[in-house]
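The UniProt record's numbering applies: residue 1 is where the sequence shown begins, and numbers increase by one.
Where is the CB? At the ideal position from N, CA and C, for every residue including glycine.
Worksheet for the structure shown next.
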Amino acid sequence: MEIVFFVLYGLLIWIAIYIMQRDIKNKSFVLIGISLIFSAISNGGMILASYTITFRSIFVSICDFCIFYSPLILIGAIYAQLPQSSKYRTRMIQLWCYVLLPLVSVVSIYLFYLHNIYSLQVVLFSFILIAFVLTIIISMKSFITHLKDKITKFSLLLCIFIYVVSLIMLLFNDHAIFSILNSIGLIGIAIIMFASMVLKQGERWFPDFIYSFDYMLLITLVFTGQVVFVIWISSRFSFNTILFILISILISVSAQVLSRYIQTIFDYFVFVSFPKLRQERSRLRTIESVKLVVNEQFYPEQMEEEELFRMVRRAFSHFGDLQRLSANPLTQLQVIDHRLQQKGNTSDILERANELKLIMFECVQQLKPQKDRSFDTTDEWRFYNSLYFPYIIGIKPYSKRYDHSQLDEDAKKALDWFRTCVPERTFYNWTNAAARLVALQLKDKFLISK
1 MEIVFFVLYG
11 LLIWIAIYIM
21 QRDIKNKSFV
31 LIGISLIFSA
41 ISNGGMILAS
51 YTITFRSIFV
61 SICDFCIFYS
71 PLILIGAIYA
81 QLPQSSKYRT
91 RMIQLWCYVL
101 LPLVSVVSIY
111 LFYLHNIYSL
121 QVVLFSFILI
131 AFVLTIIISM
141 KSFITHLKDK
151 ITKFSLLLCI
161 FIYVVSLIML
171 LFNDHAIFSI
181 LNSIGLIGIA
191 IIMFASMVLK
201 QGERWFPDFI
211 YSFDYMLLIT
221 LVFTGQVVFV
231 IWISSRFSFN
241 TILFILISIL
251 ISVSAQVLSR
261 YIQTIFDYFV
271 FVSFPKLRQE
281 RSRLRTIESV
291 KLVVNEQFYP
301 EQMEEEELFR
311 MVRRAFSHFG
321 DLQRLSANPL
331 TQLQVIDHRL
341 QQKGNTSDIL
351 ERANELKLIM
361 FECVQQLKPQ
371 KDRSFDTTDE
381 WRFYNSLYFP
391 YIIGIKPYSK
401 RYDHSQLDED
411 AKKALDWFRT
421 CVPERTFYNW
431 TNAAARLVAL
441 QLKDKFLISK
């Protein structure tokens, strides 16, 4: 049974780090990862609790704390992945963030440090379980409708069923099998949520996912396997050796998933005297990573209007991040092929992303009411302002920590105007309307390229 807990511990950590590093700015990805990490800590705590008497009660309390928090964080992840147009999204996120999360935190800390009251644990866990079930019911339509095939829908419903039933059983019985089923259900929910969101963004998920899994499995078996073998033949398994094995698994998995970032850091120090070599290696790593996620079989010219709008909106969100922009399906536009051929440039992924940036910049410039002016606050300027300054220039009008000292005069005026005259919700509506106009311009470019 302990071997199963070790395997689940490693899988939970790997999937958590993998999903978070895929897009650290995606709140749903981050929350899914945190939920998985809590579950991994619970599995690790259960293993350690069986090897100590002195600290057993502490590890049991930690496991209970993590079992509380894993579904609680998953609730936030589910609400975060709801469409912006959903009438429940904003209210439910606020309710989760300002009511549910603080309330459970206070009660959990009280139980952990002061009194381990079983009846209060049951009430708290029941409260979280009811909140999770209500979340599934509220978000079910959005949760299920964008899943295209029946097998995926059935798999998601099965994983939710296993997860909820295991949570109910853990209320009354802390048998290891229910903890195992709980982890399996959570892993299934996390993978399906992650895959559906990636596919919705027009990217591929499976090639990079399976590559990371194979690489992780090899690295963990080679390094942690040696540690386990040496401990097995030279001594007996104890609390210290089990803790060492868990740390070894954590390091092995993290090193694999974050290997590209680690290589970047190493290159910065090793090739400090060779900046061109460092840039070229960084470029090659970016191309390699994007190749695994970009969907080259995607045809933007065949997109429905709403889907094209979503891709345009997402492209503006990643305008300052070339690696994220490179994975956007709009990089497969035929007009980009024609433009690159005319310029005599290569057709690699990064060149296509740069050309897409140029096309989007040209589309934004076409929204400009007066070509001889840089900025104005009249009504006809609202669409241009809502795209040019926040996305092309990169100002963050609603961030209190944003440093605007490097901006030019027009950008500073725009920043002040957004903060004083444009509510955030209004800005969001203007941005959507402007992105739809850009999508229409791209449609015209499709016709011209044909």
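With a Cβ-Cβ cutoff of 7 Å, do residue i and residue j count as a contact?
i: residue 332; j: residue 298; result: yes
i: residue 312; j: residue 438; result: yes
i: residue 430; j: residue 386; result: yes
i: residue 287; j: residue 210; result: no
i: residue 253; j: residue 216; result: yes
i: residue 224; j: residue 262; result: no
i: residue 32; j: residue 41; result: no
i: residue 15; j: residue 190; result: yes
i: residue 366; j: residue 197; result: no
i: residue 434; j: residue 375; result: no
i: residue 133; j: residue 208; result: no
i: residue 34; j: residue 73; result: yes
i: residue 283; j: residue 267; result: no
i: residue 46; j: residue 66; result: no
i: residue 381; j: residue 390; result: no
i: residue 295; j: residue 204; result: yes
i: residue 109; j: residue 156; result: no
i: residue 12; j: residue 48; result: no
i: residue 5; j: residue 43; result: yes
Does DSSP classify residue i as helix, strand or coil?
i: residue 288; result: helix
i: residue 307; result: helix
i: residue 203; result: strand
i: residue 272; result: coil
i: residue 126; result: helix
i: residue 43; result: helix
i: residue 67; result: helix
i: residue 25; result: coil
i: residue 213; result: helix
i: residue 235; result: coil
i: residue 320; result: coil
i: residue 341; result: helix
i: residue 92; result: helix
i: residue 82; result: coil
i: residue 328; result: coil
i: residue 20; result: helix
i: residue 55; result: coil
i: residue 299; result: coil
i: residue 50; result: coil
i: residue 413; result: helix
i: residue 1; result: coil
i: residue 258; result: coil
From the DSSP output, read off the bridge partner residues of residue i.
i: residue 335; result: Paired residues: none, contrary to the question.
i: residue 294; result: 203
List the whole-angstrom C-beta distance separating residue i from residue j, where the pair is believed to meet the contact cut-off of C-beta under 8 Å.
i: residue 289; j: residue 260; result: 6 Å
i: residue 241; j: residue 231; result: 5 Å
i: residue 202; j: residue 329; result: 4 Å
i: residue 184; j: residue 162; result: 6 Å
i: residue 70; j: residue 39; result: 5 Å
i: residue 78; j: residue 152; result: 16 Å between Cβ atoms; not a contact.
i: residue 228; j: residue 21; result: Not a contact, Cβ separation roughly 27 Å.
i: residue 92; j: residue 138; result: 7 Å
i: residue 308; j: residue 442; result: 7 Å
i: residue 336; j: residue 355; result: 5 Å
i: residue 131; j: residue 100; result: 6 Å
i: residue 104; j: residue 124; result: 7 Å
Quiz item: What residue ranges within the region 416 to 444 form continuous alpha helix (DSSP H) runs of no fewer than 4 residues, ordered along the chain?
Solution: none
Quiz item: Curious, which full-length alpha helix (DSSP H) runs of at least 4 residues does the region 345 to 410 contain?
Solution: 349 to 366 and 382 to 387
Exercise. Taking only runs that begin and end inside the region 133 to 179, name each unbroken alpha helix (DSSP H) of 4 or more residues, in chain order.
Key: 150 to 172
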